[in-house]
Amino acid sequence: MINRMVVANLRRRPMRSLVSVTAVAIEVVLILMIVGLTEGMIHDQRSRVNGIGADVVVRSGNGSMFAELTGNTLPLAEAAVFARQPGVEAVAPMSFHVSNGISAVGGIDPASFDAVSGGFRFLAGRMFAPGSHEAIEDDLQAAAGRDHVGQTLDMMGQKFRLVGIFEHGMGSRVFIDLGVLNGLAGSPGKAAMFFIKTRPGVSKLSVVNELKALVPADTVQSIDQYLSLFTAREISPALPIFQTVMVGIAVAIGFLVIFLSLYTTVLERTREIGILKSLGASRGYIVRVILRESELLAGSGAAVGIVGAFLLWRTLEHLFPTLSMEMTWTWVGISLAIAMVSSAIGALYPAYRAAGQDAIAALAYE
């Protein structure tokens, strides 16, 4: 009985119902997109670092988790020192430079990088020649820029010939020769990080301890320790605050729209509520009718929002291949719960007002 009444009331006011559903949908889309973008960015960086295949990293001690932001400050000569340690099999220095809208250009020595990573999986072309103005990039960067082997890329004020496209997930999206990058970036003989591969059967921790005797201890970590730092709070203390504020704004939108919708609905249905109470409807029954209506609006809006967020995610993924997003069932469930709870809270006062109306006064209401 209650459900039929609720559906009839919503169908009687289609525009108001549509606005309420849309507001809740926007609330859910905002939550999923904000969290998805921030978590996706972190996950993408973590997976690309992990894809190199190193066991230990030595990085700058400036506190930044992102290799691109550490600066090329470590002497390249340290690579030879690290390589002489008993547990070390290979050392690959890498430097970075942000250039022309490309997130970061990585500089590597192909031989040492291949020794640590096992080499690139080329989908087209080949590795750049050492010391040349040639470049390689991953398939996502190539798709985003519609690049192809043989074309010219403008980076760091220079022209580079794209000679290879590799499968993504290998540290950076674009690579050039380490010496060439350092010369153009004004950091000759420097690196941003060292990726180290340990010998078979050798403990990562023992190699970490060996290297800590050579360089500041806080710059040496096993790859597992390093990757564990890729969280919103570790990368930037302001990032969780930003997420919380934006989610709060989304919740406020859903709360206010549901509140206004049901409040005005209660005012318009004063005589109807009076009739229900004169027929014996209890205060609890009236409250359940209003709350059930808010639940239906919130549930419908949440479903529309989840589908809309998924479609928007896929659209952005197609339009911007390098844009990383992550939608998890955990956050889908959280956004659904937030929508339902905020809508229920928004319906409490209208429900209380409706339940408190006097039947005789309501019947006399014009």
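So that you can map any letter, position 128 of the sequence shown is 127 in numbering that gives the first Met the number 0, and since no number is skipped, the others follow by simple counting.
Where is the CB? At the ideal position from N, CA and C, for every residue including glycine.
Got a sec? Which residues, its chain only, sit under 8 Å from Phe81 by beta carbon, not counting five neighbours each side?
Same-chain partners within the cutoff: Val57, Val87, Val90, Phe193, Ile195, Leu210 and Leu213.
Is it true that the CB of Val162 sits closer than 7 Å to the CB of Phe127?
Going by C-beta atoms, Phe127 is nearer than 7 Å to Val162.
Considering only the alpha carbon of each residue, which of Thr218, Glu133 and Tyr225 lies closest to Gly105?
Among Thr218, Glu133 and Tyr225, the Cα nearest to that of Gly105 is on Glu133.
Are the CB atoms of Glu325 and Glu38 within a distance shorter than 7 Å?
Yes, these two residues count as a Cβ contact at 7 Å.
For Ile175, does the three-state DSSP call read helix, strand or coil?
Three-state result, Ile175: strand.
Assign Lys189 to one of two classes, buried (16 or more other C-beta atoms within 10 Å of its C-beta) or exposed (fewer than that).
With 16 or more other Cβ atoms within 10 Å, it is buried.
Using C-beta distances below 8 Å, list every residue in its chain close to Leu238, excluding the 5 sequence neighbours before and after it, in chain order.
Only Thr37, Ala231 and Arg232 meet the Cβ criterion.
Taking its Cβ as the centre, do 16 or more other Cβ atoms sit within 10 Å of Ile285, making it buried, or is it exposed?
With 16 or more other Cβ atoms within 10 Å, it is buried.
Go ahead and pull the three-state DSSP assignment for Phe112.
Looking at Phe112 - three-state DSSP - the assignment turns out to be helix.
Near Ala307, which residues of its chain fall below 7 Å by C-beta distance, leaving aside the five closest residues on each side in sequence?
According to the sequence provided, residue 307 is Gly. The question's Ala does not apply to it. Within the same chain, Gly307 has close Cβ partners Ala24 and Val28.
May I ask you to list the residues that DSSP assigns as paired with His96?
Answer is Val104.
Just the C-alpha distance for Leu152 and Asp137, rounded to the nearest angstrom, thanks.
So the alpha carbons of these two residues sit roughly 14 Å apart.
Where do the N-terminal and C-terminal ends of the beta strand (DSSP E) with Thr197 fall, by residue?
It spans Met192 to Thr197 - the beta strand (DSSP E) in which Thr197 sits, taken as one unbroken run.
Within this structure, are the beta carbons of Ser293 and Ala216 separated by less than 7 Å?
No; because the gap between Cβ atoms is not below 7 Å, this pair is not in contact.
With DSSP as the reference, please indicate the residues paired to Met154 in a beta bridge.
Partner(s): Gln157.
Mind checking whether Gly124 and Ile175 have CB atoms under 7 Å apart?
Result no, Cβ atoms of Gly124 and Ile175 do not sit closer than 7 Å.
Give me the Cα-Cα distance between Tyr225 and Gly156, rounded to the nearest whole angstrom.
The alpha-carbon atoms of Tyr225 and Gly156 are separated by roughly 33 Å.
Which parts of the segment 12-70 are runs of the alpha helix (DSSP H), unbroken and 4 residues or longer, counting only runs that do not cross its ends?
List check, alpha helix (DSSP H) in window: 13-49.
Please classify Gln150: is it buried, with 16 or more other beta-carbons within 10 angstroms of its beta-carbon, or exposed?
By the neighbour-count rule (16 or more Cβ atoms within 10 Å), Gln150 is not buried but exposed.
Using 7 Å as the threshold, is the C-beta distance between Val20 and Ser341 below it?
No. Outside cutoff.
Assuming Ser16 and Leu261 form a contact by the criterion Cβ under 8 Å, report the distance between their Cβ atoms to the nearest whole angstrom.
Not really, about 11 Å apart at Cβ, beyond 8 Å.
With distance defined between alpha-carbon atoms, name the residue in Ala141, Gly304 and Gly185 nearest to His167.
Ranking the options by Cα distance to His167, first place goes to Ala141.
Taking only the alpha-carbon atoms, compute the straight-line gap between Leu204 and Pro109 and give it to the nearest angstrom.
Cα to Cα, Leu204 sits roughly 27 Å from Pro109.
Ordered along the chain, which non-local residues of its own chain (more than five positions away) have a Cβ less than 8 Å from that of Leu139?
Excluding sequence neighbours, Leu139 sits near His167, Arg172, Pro320 and Thr321.
If I measure Cβ to Cβ from Gln242 and keep anything under 8 Å in the same chain, skipping five residues before and after, which residues do I get?
Cβ within range, chain order: Ile33, Val34, Thr37 and Ala231.
Can you list, in chain order, the residues of its chain with a C-beta nearer than 7 Å to that of Pro187? Leave out the 5 residues immediately preceding and following it.
Only Asn181 meet the Cβ criterion.
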